[in-house]
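At position 106 of the sequence shown the residue is numbered 106 (UniProt numbering), and the sequence of numbers has no breaks. The beta-carbon is built from N, C-alpha and C at its ideal position, and this holds for glycine as well. Structure, as C-alpha cells:
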Amino acid sequence: VVLIVCGIAKSLGASCVSSAVLPQARKLSINSVVVSDKEAVEACGRFLVNERFLVEPACGATLAIGYDKDLVPARLRGPVVLIVCGGNIVTPSLLKQWKAQTDAHWDDFST
C-alpha cells in the first residue's frame with residue numbers, strides 16, 4: 001500500500017509500510033486515535049505556552065489527547081504515557097503559519 005501524507009503533521013506518515021508491520025499491529029492489538037491538524041496545532045500552541053517548549057504537529061497530535069480527553073474513546077481510557085519529541089522542523093513563524101492555516105486557537109503570550 002502506498003499512501004500520500006497530506007496533513008500538516010507529515011513526519012507521522014509513511015508513504016509505504018513494511019509487509020511485516022500489519023501482522024504485528026494486529027497481533028499486538030494496537031489502538032490509535034486520529035486527531036485533526038487543528039487539534040494537533042492547538043496542542044503545540046498550548047504546550048508552548050505551558051512549558052515554553054516548541055514542538056512540531058507530529059508531537060502535537062500526541063499532546064492533543066492529553067489536553068482533550070474527549071478525543072480518546074472511553075474504551076481506551078486509562079493510564080497513558082505521552083512521549084514528547086519532535087521540534088527539529090518547527091520555528092515560531094511556522095507555528096504562526098499553521099495556526100492561521102488551521103484556524104487554531106489557544107491562550108497565549110505572543111503568537
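query, result
"Might you give, ordered along the chain, the residues of its own chain that have their beta carbon closer than 6 Å to the beta carbon of E42, omitting 5 neighbours on each side?", "A104, W106"
"Shortest alpha-carbon distance to A58 belongs to which of K10, Q101, V80, R77?", "K10"
"Which class does C6 belong to by DSSP, given the choice of helix, strand or coil?", "coil"
"Buried or exposed: C85, going by 16 or more other Cβ atoms within 10 Å of its Cβ?", "exposed"
"Would you call the region 85-102 in contact with the region 45-59, where contact means no fewer than 3 C-beta pairs closer than 8 Å?", "yes"
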